[in-house]
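A.B. asks:
Numbering (full-length UniProt numbering), first residue to last: 1 to 312.
1) Which class does residue 261 belong to by DSSP, given the choice of helix, strand or coil?
2) Quick test of your reading: residue 65 and residue 303, contact by CB under 8 Å. State the CB separation rounded to the nearest angstrom.
3) Looking at C-beta atoms only, is the number of pairs between the stretch 185–194 and the stretch 251–263 that lie closer than 8 Å three or more?
4) Compare the Cα-Cα distances from residue 86 to each of 108, 80, 116 and 98 and report the closest residue.
5) If you measure between the beta carbons of residue 55 and residue 266, is that distance less than 8 Å?
6) Pairing CB atoms from the stretch 146–161 with CB atoms from the stretch 107–124, are three or more of them under 8 Å?
7) Would you kindly check if the distance between the Cβ of residue 287 and the Cβ of residue 123 is under 8 Å?
8) At which residue ranges does the stretch 47–105 contain complete alpha helix (DSSP H) runs of 4 or more residues, listed in the order of the chain?
9) Is it true that the CB of residue 195 sits closer than 8 Å to the CB of residue 132?
10) Should residue 90 go down as buried or exposed, given a rule of 16 or more other Cβ atoms within 10 Å for buried?
11) Residue 43 to residue 120, Cα distance in whole Å?
12) Do residue 127 and residue 200 have their C-beta atoms closer together than 8 Å?
13) Under 8 Å by Cβ, that's how I've got residue 292 and residue 241 pegged, so tell me the actual separation to the nearest angstrom.
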């Protein structure tokens, strides 16, 4: 191994025939994958890092934002920062080694690979977990509004956050240790589908309740147009939340499914060559998350302006 490769353990299946993969890729132009420039990885990583740093700084600065909801958003920002930091570190090391500025022994490169893989795996698990926790938190806010502060206490929020970080750290370590075991990949895949179904059920239920309330209001006020416009806006918001989640994370986990189910199939081996594109989508998700979960808050936006102006 002459240089770093992001998530090298997942880039291609370990139980596939190398000759079969090379022959398949040589025989089809689209199997060559996409040549994604390092500058794009660096740019997206920097944008994500700055965005999420601003979110964390704003939440720490404003005491009005010291609540379980914003703590979960802050943890999501930290998870996305892990994606950015690991991506920036990996890309910079690659560039330095390619240009001969940094000469590192092969064994050290392997250790660096493992550290970066662990960071990415930990950020994947923690990001998915906090996305699910934010959905649950919103669900409690809507359906148990009067009991929210007794249900989602600060102590429970802290325990939840600590449990997620501990679980993500342990799971990433287990993944690196037993990376050649399909059971580990199946656990990751199952975790993704669990979070997808959880978010889908919770957000649809929340939207259904909002739709019911708007229908009742429109009947009382006899304003069907307002009801229709509000329902449409809610449907669009729901579509954006779930659509971004599925588009950004789906290809990566579909890649894992193919590793388990058809490692030597010609179509699957071609699909593996687009792994860098799937990583780009995950990084894009860390760029989009603040726009969906954080920047929509007026008070948070005001605090962000103060942070940018250095009025701490």
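Every residue, glycine too, gets a C-beta built ideally from N, C-alpha and C.
C.D. replies: Answer, in terms of the structure:
1) As a working note, residue 261 is residue 261 in the chain shown. Reduced to three states, the DSSP call for residue 261 is helix.
2) Sequence index remark: in the chain shown, residue 65 carries index 65 (1-based). Sequence index remark: in the chain shown, residue 303 carries index 303 (1-based). Between residue 303 and residue 65 the Cβ distance is about 7 Å, and since that is below 8 Å, they are a contact.
3) yes
4) In the chain shown, the residue the question calls residue 86 occupies position 86. It is 116 whose Cα lies nearest to the Cα of residue 86.
5) Taking the first residue of the chain shown as 1, we reach residue 55 at position 55. Taking the first residue of the chain shown as 1, we reach residue 266 at position 266. Not a contact, by the Cβ cut-off of 8 Å.
6) no
7) To locate residue 123, count along the chain shown from 1; it is residue 123. To locate residue 287, count along the chain shown from 1; it is residue 287. In this structure, residue 123 lies away from residue 287, with their beta-carbon atoms at least 8 Å apart.
8) Fully enclosed alpha helix (DSSP H) runs of 4 or longer: 68–98.
9) Numbered from its first residue, the chain shown carries residue 132 at position 132. Numbered from its first residue, the chain shown carries residue 195 at position 195. Yes. Within cutoff.
10) Along the chain shown, one-based indexing puts residue 90 at 90. Label assigned to residue 90: buried.
11) Position 43 of the chain shown, counted from the start, is the residue given in the question as residue 43. Position 120 of the chain shown, counted from the start, is the residue given in the question as residue 120. Each residue's alpha carbon lies about 18 Å from the other.
12) For the purposes of this step, residue 127 is identified with residue 127 of the chain shown, where counting begins at 1. For the purposes of this step, residue 200 is identified with residue 200 of the chain shown, where counting begins at 1. For residue 127 and residue 200, no; Cβs fall outside 8 Å.
13) Sequence index remark: in the chain shown, residue 292 carries index 292 (1-based). Sequence index remark: in the chain shown, residue 241 carries index 241 (1-based). Between residue 241 and residue 292 the Cβ distance is about 6 Å, and since that is below 8 Å, they are a contact.
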